[in-house]
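A quick write-up on the structure given underneath.
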Amino acid sequence: TPMQMKMFLTRMGPDSKMIVTGDTSQIDLPPNQKSGLKEAVRILYNTKDIGFVELNERDVVRHRLVRDIIDAYSRAYTNERK
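Quick note, in this note's numbering, the sequence shown goes up one by one and the last residue is 662.
Now the structure itself:
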């Protein structure tokens, strides 16, 4: 949740480095609950000294079928929104 993400991010101490990993396509919160990950990206994206790395299907290094599975789900979700 946004509150949990803020609590986590604000625990950083001096001379520390924090890395948060997540996949915004795999959020399983109830529909009425906001994602702390999505909100953190939105709020902090242009903040000095904070960086973001966004990966896509070309970055999948699992079984070769995983890329096909991701593509199929992406197409299905795109078609549902039309």
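Built from N, CA and C at the ideal position, the CB exists for glycine as well.
Owing to the predicted nature of the structure, the values given are computational and were not obtained by experimental measurement.
Separation of residue j from residue i, as counted between CA atoms
i	j	result
I649	P582	29 Å
P594	N659	47 Å
V641	P610	30 Å
R655	F588	34 Å
H643	A652	15 Å
D629	N612	32 Å
Rounded distance between the beta-carbons of residue j and residue i, thought under 8 Å
i	j	result
E634	R647	About 16 Å; that fails the 8 Å criterion.
M585	A620	5 Å
L602	L617	The question names Leu, but residue 602 is Gly in the sequence shown. Yes, G602 and L617 are in contact; Cβ-Cβ is about 4 Å, under 8 Å.
S615	I607	5 Å
Option nearest residue i by Cα separation, candidates the options
i	options	result
Y657	R642, G631, S605 and Y625	S605
G631	F588, S654 and I599	I599
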